[in-house]
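Notes follow once the structure below has been shown.
Numbering (full-length UniProt numbering), first residue to last: 1 to 159.
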């Protein structure tokens, strides 16, 4: 079961108005409650409406950005990701990320702030984001942007 805020129920999600407004969305909560499924469903709706979508596992995204940085093409990689109107980052925090990887992940999200929509799904609550980004300040900056220009949906229940 998901807890939807008054301004972000099923109708709003299906309308893709948050994607059109380049708002971010975090789906977090218990394992097996449909977070990734909902993110994929929103992505499929966006594809059907001709909105470019990128679906990336957080760990794969970090590896991709590291390689791009090592090859001196980080800006080109970020630009490539940025062409999507919706970027879905699956399971940040599922696998450990070092501070350099966390900075790259932060940069990927910050690069598109208010220009494209990012959906992240994670089992982590707000207290666990410091571990993902390597420090509490970076996590606070990410959460501040999400709250300022987006929303959080909480999933709870049994798998």
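Even for Gly, the Cβ is constructed at its ideal location relative to N, Cα and C. A quick note: this is a predicted structure, and the numbers were derived from the prediction, not measured.
Exercise for the section: Please report how far the alpha carbon of residue 17 lies from the alpha carbon of residue 59, in whole angstroms. Expected result: As a first step, residue 17 must be located in the chain shown, where it is residue number 17. As a first step, residue 59 must be located in the chain shown, where it is residue number 59. So the two alpha carbons sit approximately 28 Å from each other.
Problem - contact_flag[the region 69–78, the region 46–59] where n(CB pairs < 8 Å) is 3 or more - result: no
Practice task
Counting only the same chain and skipping the five closest in sequence on each side, list residues whose C-beta sits under 8 Å from that of residue 23.
Solution key: Along the chain shown, one-based indexing puts residue 23 at 23. Result list for residue 23: 117, 149, 150 and 151, in chain order.
Practice task
Report all residues from its chain with a CB closer than 7 Å to the CB of residue 202; omit the five preceding and five following residues, and keep chain order.
Solution key: No information on residue 202 is available, as it lies outside the stretch 1 to 159 that the chain covers here.
Problem - Whole-Å CB distance - residue 56 paired with residue 98, under 8 Å assumed - result: As a working note, residue 56 is residue 56 in the chain shown. As a working note, residue 98 is residue 98 in the chain shown. About 18 Å; that fails the 8 Å criterion.
Problem - Other residues of its chain near residue 29: CB distance less than 6 Å, five sequence neighbours each side excluded - result: Residue 29 sits at position 29 when you count from the first residue of the chain shown. Around residue 29: 154, 155 and 156.
Exercise for the section: Return the Cβ separation of residue 19 and residue 39 in integer angstroms, given the expectation that the two are a contact with Cβ distance under 8 Å. Expected result: As a first step, residue 19 must be located in the chain shown, where it is residue number 19. As a first step, residue 39 must be located in the chain shown, where it is residue number 39. That belief does not hold up - the Cβ atoms of residue 19 and residue 39 are roughly 12 Å apart, past 8 Å.
Practice task
Keeping to the same chain, check which residues put their C-beta closer than 6 Å to that of residue 31; ignore five residues upstream and five downstream.
Solution key: For the purposes of this step, residue 31 is taken as residue 31 along the chain shown, with counting starting at 1. Excluding sequence neighbours, residue 31 sits near 123 and 159.
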